[in-house]
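Visitor:
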Amino acid sequence: MRVTTGNRRFGKGLRSTALVVALFFTWTLAGGATAAHAAKLAANGPAKRGNEAQPPSAEERLEGLVREVEGELSAPVGDDKARRQKLKSKRGEIDAVDAEIRRELAATRKKLKEAKLPAEILQRHKAFVRHYESNVSELKAELKEIEGATTPAETETARKKLRQHREKTKAPSRHQKLDPNNLPHRQPKAQKREPRQFKEEFDRDLKRDKHAWKNQKRIVVAATGSLTGLLGPDELAETIEVQFTPEIRAKALELGNDPVRIYEWVRNNVEFVPTWGSIQGAQLTLETKQGNAFDNASLLIALLRAAGIQARYVMGTVELPIDKIMNWNGGFTDPTAALEFMASGGVPIKAGMAGGRIVSARLEHVWVEAYIDYIPSRGARHKSGGEDTWISLDPSFKQYSFTDGIDLKTAVPFDAQSFVDQLKASATIDEAAGSVTGVNSLLVQQTLQDYQARVQSYIEQNHPG
Numbered sequence: 093m094r095v096t097t098g099n100r101r102f103g104k105g106l107r108s109t110a111l112v113v114a115l116f117f118t119w120t121l122a123g124g125a126t127a128a129h130a131a132k133l134a135a136n137g138p139a140k141r142g143n144e145a146q147p148p149s150a151e152e153r154l155e156g157l158v159r160e161v162e163g164e165l166s167a168p169v170g171d172d173k174a175r176r177q178k179l180k181s182k183r184g185e186i187d188a189v190d191a192e193i194r195r196e197l198a199a200t201r202k203k204l205k206e207a208k209l210p211a212e213i214l215q216r217h218k219a220f221v222r223h224y225e226s227n228v229s230e231l232k233a234e235l236k237e238i239e240g241a242t243t244p245a246e247t248e249t250a251r252k253k254l255r256q257h258r259e260k261t262k263a264p265s266r267h268q269k270l271d272p273n274n275l276p277h278r279q280p281k282a283q284k285r286e287p288r289q290f291k292e293e294f295d296r297d298l299k300r301d302k303h304a305w306k307n308q309k310r311i312v313v314a315a316t317g318s319l320t321g322l323l324g325p326d327e328l329a330e331t332i333e334v335q336f337t338p339e340i341r342a343k344a345l346e347l348g349n350d351p352v353r354i355y356e357w358v359r360n361n362v363e364f365v366p367t368w369g370s371i372q373g374a375q376l377t378l379e380t381k382q383g384n385a386f387d388n389a390s391l392l393i394a395l396l397r398a399a400g401i402q403a404r405y406v407m408g409t410v411e412l413p414i415d416k417i418m419n420w421n422g423g424f425t426d427p428t429a430a431l432e433f434m435a436s437g438g439v440p441i442k443a444g445m446a447g448g449r450i451v452s453a454r455l456e457h458v459w460v461e462a463y464i465d466y467i468p469s470r471g472a473r474h475k476s477g478g479e480d481t482w483i484s485l486d487p488s489f490k491q492y493s494f495t496d497g498i499d500l501k502t503a504v505p506f507d508a509q510s511f512v513d514q515l516k517a518s519a520t521i522d523e524a525a526g527s528v529t530g531v532n533s534l535l536v537q538q539t540l541q542d543y544q545a546r547v548q549s550y551i552e553q554n555h556p557g
């Protein structure tokens, strides 16, 4: 941009002076790294625009390092030795970037002097350099103090001092550049988790997470061996996920309170969704007729318990052939795509390889155990009071039969052009006015009914049932 007054023009020199003056408004309001970056811009001019991504400046790298330090200090208390080692490494990186910034500030002072700007501006630059050096020196000293702390109390005192210093010197938030590949509304990236392999791992994690399945007292981890004698009132109780709503009770009654019919109804009427965790609960799963393994299990347990049948969740790791996995998730033809699909929903899953190809998959899964009258009818005739066996029931794992759609255009051809010609012959068309009158509605109706009859006849003959 060029400013013109009469016949005098103020170009490059005015812009440079304006940038320098803007710098000294900036440093009084911003933190050290931000103002140092402004100083560099003032001396060197704005960066050239282009499509290529510009590497981060020393000032931006310093800001990033300080934010990483802040994140490390605000993280939950963990291994202090590892934390101190990380802070020591960050201090080394800060030293290197600080040296680079000091060289840039020295170069800035040289350019300001060469521009023969007023002494006041040089004094402000000198004051800023002292301000920057003081802040960075204090930051380094406090990091070193944290590294040398030998007791939790000393560590916390040093961390508090550093946090207070950062709050005092933190620069205002800078504009966040838009990353078109990381928009807030986008397909979530799969965060892959490998399935746990041993019962002890499940037991450890359930104890560690106090909020895991809150209020769900009976979670059995799959294991070999007998589970007899583990009866209790919890297997008939309501929970957050398992609630005896009027709709749940009505559905159990509709199915005759029969465990076989209840299981078959859930398995055949609720679509599996490959996500992880208890999301919907029994009632919402009944309404939507879809849900993940937890939701399917919650609905089955709710119906069984409403029928007076003891039931509980079981969690474990299972291994399935890859063709079963692909079918289960909607008819995938690519094994890797099927595994990525489940992993994107949070399901802990791992491919099983043989001969350089995927042949199976291990995944964490949830199903149900019900205590029923199993002997001798294998559950076909359940009598209350005759329960004798815990039986595993998996309502969410199922295999589908996929039928290719019918190409009606080829199977039952329709001469559209002939139909249009007949309509034109019987109608009055005024192209100038853009109107059509006298359309033979009887012809339209008869043609439609005839084609519907032909389609129905084809389906009945070639695709019965």
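The numbers in the working numbering rise by one with no breaks, and the one at position 321 of the sequence shown is 413. C-beta: ideal position from N, C-alpha, C; glycine also.
Does the Cβ-Cβ distance between K490 and F336 come in under 8 Å?
Guide: Not a contact, by the Cβ cut-off of 8 Å.
Visitor: With H, G and I counted as helix, E and B as strand and the rest as coil, what does DSSP make of F294?
Guide: Helix, per DSSP.
Visitor: Closest to L197 by C-alpha separation, out of H223, P210, K208, would be which residue?
Guide: The shortest C-alpha separation from L197 is found at H223.
Visitor: In the DSSP assignment, find the unbroken beta strand (DSSP E) run with D542 in it and report its ends.
Guide: First-last for D542: 533-554, but that is the alpha helix (DSSP H), not the beta strand (DSSP E).
Visitor: Within 10 angstroms of its Cβ, does D190 collect 16 or more other Cβ (buried), or is it exposed?
Guide: With 16 or more Cβ atoms within 10 Å of its Cβ, D190 is classed as buried.
Visitor: Find out if the Cβ-Cβ distance for the pair Y550, A503 is shorter than 8 Å.
Guide: Contact: yes.
Visitor: Cα separation between V451 and N421?
Guide: Going by the C-alpha atoms only, they are around 16 Å apart.
Visitor: On the criterion of 16 or more Cβ atoms from any shown chain inside 10 Å, does N361 qualify as buried, or is it exposed?
Guide: With fewer than 16 other Cβ atoms within 10 Å, it is exposed.
Visitor: Which residues bound the beta strand (DSSP E) around V451?
Guide: V451 -> beta strand (DSSP E) spans 449-464.
Visitor: With H, G and I counted as helix, E and B as strand and the rest as coil, what does DSSP make of Y405?
Guide: Three-state result, Y405: strand.
Visitor: Ordered along the chain, which non-local residues of its own chain (more than five positions away) have a Cβ less than 7 Å from that of I521?
Guide: Closer than 7 Å at Cβ, skipping near neighbours: V528.
Visitor: Quick check on the DSSP output: the beta strand (DSSP E) that includes L485 runs from which residue to which?
Guide: Looking at the DSSP string, the run of the beta strand (DSSP E) that includes L485 is 481-485.
Visitor: Is the region 217-235 touching the region 243-260, taking contact as three or more C-beta pairs under 8 Å?
Guide: Touching, yes.
Visitor: Hey, how far is the Cα of V83 from the Cα of I483?
Guide: The chain is shown only over 93 to 557; residue 83 falls outside these bounds and no answer can be derived.
Visitor: Can you give the Cα-Cα distance for T380 and D513, rounded to whole angstroms?
Guide: Straight-line Cα distance between these residues: approximately 48 Å.
Visitor: Name the DSSP bridge partner or partners of T520?
Guide: For T520, which the question treats as bridged, DSSP gives the partners T529.
Visitor: What number of angstroms, rounded off, separates the C-alpha of E185 from the C-alpha of L270?
Guide: Roughly 27 Å between the two C-alpha positions.
Visitor: Report buried or exposed for T247, applying the criterion of at least 16 other Cβ atoms within 10 angstroms of its Cβ.
Guide: Buried, by the Cβ-count rule.
Visitor: Quick test of the definition: if touching needs 3 or more C-beta pairs under 8 Å, does the region 398-405 touch the region 346-361?
Guide: The answer is yes - the region 346-361 touches the region 398-405, with three or more Cβ pairs under 8 Å.
Visitor: So the candidates are T367, M407, K475, Q544; which of them puts its Cα closest to the Cα of L298?
Guide: Nearest C-alpha to L298: M407.
Visitor: Taking the continuous alpha helix (DSSP H) assigned at K218, which residues delimit it?
Guide: Where K218 is concerned, the enclosing alpha helix (DSSP H) stretches over 211-240.
Visitor: Starting from I467, trace the beta strand (DSSP E) in both directions and tell me its first and last residue.
Guide: Run containing I467: none; DSSP gives neither H nor E here.
Visitor: What residue from E523, G497, A519 has the CA that sits closest to L534's CA?
Guide: Of the listed residues, the one whose Cα sits closest to L534 is A519.
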